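In UniProt numbering, the protein residues as written are 1 to 456.
A short worksheet on the structure shown next.
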């Protein structure tokens, strides 16, 4: 069932976002594709890993303020990489790099020794007909680091079971042998039965979602929906009703599909229509202004005027968005958008890869970040009623407060909620968190403070 609701029809009106500074160059390289953020050397600062057509490498955040080193090369013959990610795949406490090497047709991972020194590629599986994406999952919800594998040239969607939790022994499982070009599926519990399902966009043909019928990833039911979802999409509960919604860019429209209680019933809402015919082709979701609501960052492309990086504020947490705000209107080929706090000021900055020419003339291909100037609700440490300890933390984070706490929310570096507590809880178990950097948002009524924490 689909209902179309027009949130607003945008006349020729744009807002320039003063919240973000002009972009800062991390590295100028070859044809950039993707970049991610993580603390690879465990100094408490978020670094950047990237891939272009020549190298897979990472740049150290040398002082925690967003000043980056020259690249440390992980692999030189990276060729075409469609997607990569990071996590502790062998459970040694250090963040490793996982890569879908498209040109080599290999799914592989590189072991981190804890100081940012990465080993050679360890092949997980190969020859599945063009490796496209590799994403971490816990299929059995037993704490293991399994992987979802997407391919781009043939048929099939697979997951790899990490049999020994060391990343050295894998078993391949087929989710669907017939689906074509399942490139980058979204991972979520779509039917809210407590296990992991997947959504795969099929463009004009709609989308497929795969129901994990046995809860262990060994039996699947494919559901088809004629609602268009493109590769530029995000799957999350945007309106706080407990159901997973879809945000997607389709041509010159940015849509919100509001889930009405099951993954086959959505209301369609138009967030924005580009009057200059620019098309939405990248979408990312994160809380950019620290109000507790997920905002939208997007890239649009116009054949004549080039690319824009824009964002839309989530005004009330109910899926009502403000007008388009332009961050940068002189990009041409934005391949990826990520968010992380590079300058350690408690808000999320924006990381992009740009692999084209600017509208004002020739420009080399660049890895860029945009500093977020959002001011926290509490910026004077002497007036902050909250204190946390220990930091870094291994198991239990303790919160001291002079006033009753009403809510504590933990976010990862992408701005995604990993834990939320609505009680006056002053000792919170974070032992299940993967090692890395998180943000703890503590609220007491209208008062709010955000702490950067390191999980060891």
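Where is the CB? At the ideal position from N, CA and C, for every residue including glycine.
It should be emphasised that the depicted structure is a prediction, and the values quoted were computed from it without experimental measurement.
Rounded C-alpha distance that separates residue i from residue j
{"i": "residue 320", "j": "residue 331", "result": "27 Å"}
{"i": "residue 379", "j": "residue 448", "result": "Per-residue confidence for residue 379 stands at a pLDDT of 40, beneath the threshold of 50, marking its modelled position as unreliable; the derived number appears in the next sentence. Answer to the nearest angstrom: the Cα atoms are 10 Å apart."}
{"i": "residue 199", "j": "residue 402", "result": "45 Å"}
{"i": "residue 360", "j": "residue 306", "result": "At residue 360, the pLDDT of 48 sits below 50, so the modelled position is not reliable; the number obtained from the coordinates is stated separately. Those two C-alpha atoms are separated by around 10 Å."}
{"i": "residue 120", "j": "residue 95", "result": "15 Å"}
{"i": "residue 394", "j": "residue 388", "result": "13 Å"}
{"i": "residue 340", "j": "residue 45", "result": "10 Å"}
{"i": "residue 255", "j": "residue 179", "result": "25 Å"}
{"i": "residue 258", "j": "residue 232", "result": "17 Å"}
{"i": "residue 146", "j": "residue 136", "result": "6 Å"}
{"i": "residue 365", "j": "residue 431", "result": "40 Å"}
{"i": "residue 174", "j": "residue 93", "result": "29 Å"}
{"i": "residue 445", "j": "residue 164", "result": "46 Å"}
{"i": "residue 67", "j": "residue 346", "result": "17 Å"}
{"i": "residue 105", "j": "residue 73", "result": "20 Å"}
{"i": "residue 315", "j": "residue 322", "result": "6 Å"}
{"i": "residue 426", "j": "residue 138", "result": "28 Å"}
{"i": "residue 301", "j": "residue 286", "result": "21 Å"}
{"i": "residue 59", "j": "residue 214", "result": "42 Å"}
{"i": "residue 374", "j": "residue 219", "result": "46 Å"}
{"i": "residue 386", "j": "residue 335", "result": "40 Å"}
{"i": "residue 358", "j": "residue 36", "result": "With a pLDDT of only 48 at residue 358, under 50, the local geometry of the prediction cannot be trusted, and the value read off the model is given with reservation. Cα to Cα, residue 358 sits roughly 23 Å from residue 36."}
{"i": "residue 75", "j": "residue 399", "result": "42 Å"}
{"i": "residue 78", "j": "residue 450", "result": "38 Å"}
{"i": "residue 80", "j": "residue 129", "result": "14 Å"}
{"i": "residue 132", "j": "residue 103", "result": "10 Å"}
Cross-strand partners of residue i (DSSP beta bridge)
{"i": "residue 24", "result": "369"}
{"i": "residue 56", "result": "51 and 75"}
{"i": "residue 335", "result": "None; residue 335 has no bridge partner."}
{"i": "residue 83", "result": "100"}
{"i": "residue 340", "result": "349"}
{"i": "residue 118", "result": "112"}
{"i": "residue 70", "result": "In DSSP, residue 70 forms no bridge with anything."}
{"i": "residue 36", "result": "49"}
{"i": "residue 354", "result": "334 and 366"}
{"i": "residue 306", "result": "302"}
{"i": "residue 29", "result": "365"}
{"i": "residue 126", "result": "106"}
Under 8 Å between C-beta atoms of residue i and residue j
{"i": "residue 152", "j": "residue 181", "result": "yes"}
{"i": "residue 391", "j": "residue 454", "result": "yes"}
{"i": "residue 20", "j": "residue 297", "result": "no"}
{"i": "residue 288", "j": "residue 348", "result": "yes"}
{"i": "residue 39", "j": "residue 396", "result": "no"}
{"i": "residue 464", "j": "residue 235", "result": "This structure does not reach residue 464, given that the chain is present from 1 up to 456, and the question cannot be answered."}
{"i": "residue 83", "j": "residue 100", "result": "yes"}
{"i": "residue 176", "j": "residue 157", "result": "yes"}
{"i": "residue 154", "j": "residue 184", "result": "no"}
{"i": "residue 282", "j": "residue 303", "result": "no"}
{"i": "residue 195", "j": "residue 141", "result": "yes"}
{"i": "residue 42", "j": "residue 143", "result": "no"}
{"i": "residue 55", "j": "residue 71", "result": "yes"}
{"i": "residue 422", "j": "residue 407", "result": "yes"}
{"i": "residue 371", "j": "residue 354", "result": "no"}
{"i": "residue 216", "j": "residue 197", "result": "no"}
{"i": "residue 420", "j": "residue 439", "result": "no"}
{"i": "residue 63", "j": "residue 47", "result": "no"}
{"i": "residue 456", "j": "residue 424", "result": "no"}
{"i": "residue 229", "j": "residue 207", "result": "yes"}
Residue i beta carbon near the ligand ATP (any heavy atom closer than 7 Å)
{"i": "residue 282", "result": "Inclusion of the ligand ATP in the displayed structure is not the case, the ligand content being empty and no account of it being possible."}
### Message
Pairs of beta-carbons, one from the region 158-171 and one from the region 114-127, closer than 8 Å: are there three or more?
### Response
yes
### Task
Evaluate the contact criterion for the region 292-306 versus the region 216-230: three or more CB pairs, one atom per stretch, below 8 Å.
no
### Task
Could you tell me whether the region 49-65 touches the region 25-34, using the rule of 3 or more Cβ pairs below 8 Å?
yes
#### Entry: Within the region 235-298, ranges of the beta strand (DSSP E) (whole runs, at least 3 residues)
245-250, 253-259, 266-273 and 279-286
### Runs of beta strand (DSSP E) wholly within the UniProt domain "Secretion system C-terminal sorting" (388-454) (minimum 3 residues, chain order)
396-401, 407-411, 417-421, 427-429 and 436-444
### Query
Okay, do the region 274-291 and the region 257-264 touch, 3+ Cβ pairs below 8 Å being the bar?
no
### Query
Using 8 Å as the threshold, is the region 107-121 in touch with the region 88-99, meaning 3 or more CB pairs across them?
yes
### Query
Which runs of the beta strand (DSSP E) spanning at least 3 residues fall entirely within the region 129-166, listed in chain order?
131-137, 146-151 and 155-162
### Query
Which runs of the beta strand (DSSP E) spanning at least 3 residues fall entirely within the region 172-207, listed in chain order?
186-188 and 197-201
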